[in-house]
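Asks: Below is a structure I'd like to ask you about.
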Amino acid sequence: YHLLSILALNDLGMSLSTLPTLFSVLWLHTREIQASACYAQLFFIHTFTFLESSLLLAMAFDRFVAICLPLHYTTILTNSVIGKIALACLLRSMGVVLPLPTPLLLSHYHYCHDNALSHPFCLHQDVLKLSCSDVRISNIYGLCIVIVTLGVDSVLILLSYVLILHAVLSIATGEERLKALNTCASHICVVLIFFVPVIGV
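Residues in the sequence shown are numbered from -13 upward in steps of one, following the numbering used here.
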């Protein structure tokens, strides 16, 4: 439940980071944004996105331990360990975003279009579309960051569920299998809700 509460706080932070531009689009009917405000919003969107991915990976590990090592669950995942995992998730997301030179790369580009957004919040790809400069370096850099973080996380989550499925299929009765898989259903739904739109972007 600790990881779920942190995930809820993360989603709240993501929503709050997009509210200023959302309100300006909906209430003031303006789709323009200052460059510095856009860079700040990009920072928070990237931080919360990477934090959510890390938390989903930690939750997959939690499900793996709960199903594959049920007798050791309370000794492996103590409150102290869960707190350290949550802190590691936060530090990992900050470690990816803080050295992220996205604002530096974006600020050096020449923009020939207005700072008009196609979404009610600032996205990296939106900013690149406004540029008249060659944005290949920024595109490649962004792709590498996404592959290294979200790609690796999704592979590790998939691996944990393959191991869970292997453990569940070795259970004798169908009722026990169904009960074990039901404990994972909500997490699988959350993972799909997070990763499917990310693939589309």
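C-beta atoms are modelled at their ideal positions from N, C-alpha and C, and glycine is treated no differently.
Do residue 147 and residue 46 count as a contact pair if the criterion is CB distance below 8 angstroms?
Replies: Yes.
Asks: Give me, in chain order, the residues of the same chain whose beta-carbon lies closer than 8 angstroms to that of residue 106; leave out the 5 immediate sequence neighbours on both sides.
Replies: Taken in chain order, the residues that qualify are 4, 7, 8, 11, 12.
Asks: Whose CA, out of -13, 155, 183, lies closest to the CA of residue 64?
Replies: The shortest C-alpha separation from residue 64 is found at -13.
Asks: Would the beta-carbon of residue 177 fall within 8 angstroms of that of residue 143?
Replies: Result yes, Cβ atoms of residue 177 and residue 143 sit closer than 8 angstroms.
Asks: List in chain order: all unbroken alpha helix (DSSP H) runs of 4+ residues lying wholly within the stretch 42 to 113.
Replies: Listed in chain order, they are 59 to 62, 65 to 83, 88 to 93.
Asks: Go ahead and pull the three-state DSSP assignment for residue 117.
Replies: Note: residue 117 maps to strand in three-state DSSP.
Asks: Taking 8 angstroms as the cut-off, decide whether the C-beta atoms of residue 82 and residue 36 are in contact.
Replies: In this structure, residue 36 lies closer than 8 angstroms to residue 82 by Cβ.
Asks: Pull up the distance between the alpha-carbon of residue 110 and that of residue 160, whole angstroms please.
Replies: In a straight line, the C-alpha of residue 110 is about 47 angstroms away from that of residue 160.
Asks: Taking the straight line between their C-alpha atoms, what separation do you get for residue 44 and residue 16?
Replies: When rounded, the distance between both Cα atoms is 39 angstroms.
Asks: In whole angstroms, what separates the C-alpha of residue 162 from that of residue 60?
Replies: Distance between the alpha carbons of residue 162 and residue 60 is about 21 angstroms.
Asks: Alpha carbon to alpha carbon, how far is residue 136 from residue 70?
Replies: Rounded to the nearest angstrom, the two C-alpha atoms are 21 angstroms apart.
Asks: Considering Cα atoms alone, identify which of 25, 32, 38 is closest to residue -3.
Replies: When only C-alpha atoms are compared, the closest one is 38.
Asks: Could you spell out where the alpha helix (DSSP H) holding residue 142 opens and where it closes?
Replies: Residue 142 -> alpha helix (DSSP H) spans 138 to 155.
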